[in-house]
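Scroll down for the structure; my scribbles are underneath it.
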Amino acid sequence: MALVNLTADAFDEFIAQHDMIIFDFWAEWCGPCKQFGPVFEAASEQHPNIMFAKVNVEEQPDLANMFQVRSIPTIAFMREKVVVYANPGALPASNFEQGIQEMLNLDMAKVHADVAEMQQQQ
Numbered sequence: 036m037a038l039v040n041l042t043a044d045a046f047d048e049f050i051a052q053h054d055m056i057i058f059d060f061w062a063e064w065c066g067p068c069k070q071f072g073p074v075f076e077a078a079s080e081q082h083p084n085i086m087f088a089k090v091n092v093e094e095q096p097d098l099a100n101m102f103q104v105r106s107i108p109t110i111a112f113m114r115e116k117v118v119v120y121a122n123p124g125a126l127p128a129s130n131f132e133q134g135i136q137e138m139l140n141l142d143m144a145k146v147h148a149d150v151a152e153m154q155q156q157q
């Protein structure tokens with residue numbers, strides 16, 4: 036199982052070491068977060084090639100701000116240091132699995148080219 040509780044101190048090294056990461060931004064008091072937790076953990080067991088990072092927004096507000104988390108739970112998919120999907124709300128297991136498959140199937144050369152083009156336009 037590739038599941039960690041991520042802190043801001045470990046963030047830079049963590050993303051440098053892993054090409055595919057899924058973040059779960061949550062809080063202890065959040066009911067939907069608690070409901071989504073088992074879905075997140077089960078997916079981490081099914082996909083050992085992906086890192087799954089839980090981020091407690093109350094303990095790690097800097098990470099929550101970095102990802103512009105405004106409500107929880109928020110799920111974010113990162114591949115090759117690019118956030119390719121981020122959305123608030125708990126996902127049903129089937130939708131979460133679909134998102135994982137879409138991340139795995141991305142043409143990252145195209146994604147990086149698109150990001151570079153957007154940065155040039157700014």
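Residues 36 to 157 in this note's numbering are what the sequence shown spells out, letter by letter. Even for Gly, the Cβ is constructed at its ideal location relative to N, Cα and C.
Query raised in the report: Are the beta-carbon atoms belonging to residue 49 and residue 56 less than 9 angstroms from one another?
Result: Annotated as proximal: residue 49 and residue 56, with beta-carbon spacing under 9 angstroms.
**Report entry** Nearest candidate by alpha-carbon position, reference residue 60, set 37, 113, 108, 150
**Finding:** Relative to residue 60, the option among 37, 113, 108, 150 whose CA is nearest is 108.
Query raised in the report: Which of helix, strand or coil does DSSP assign to residue 102?
Result: For residue 102, the three-state secondary structure derived from DSSP is coil.
Query raised in the report: Does the distance from the CB of residue 92 to the CB of residue 62 come in under 9 angstroms?
Result: Yes; because the gap between Cβ atoms is below 9 angstroms, this pair is in contact.
Query raised in the report: Whose CA, out of 64, 115, 110, 131, lies closest to the CA of residue 171?
Result: Given that the chain is displayed from residue 36 to residue 157, the structure contains no residue 171 and the question cannot be resolved.
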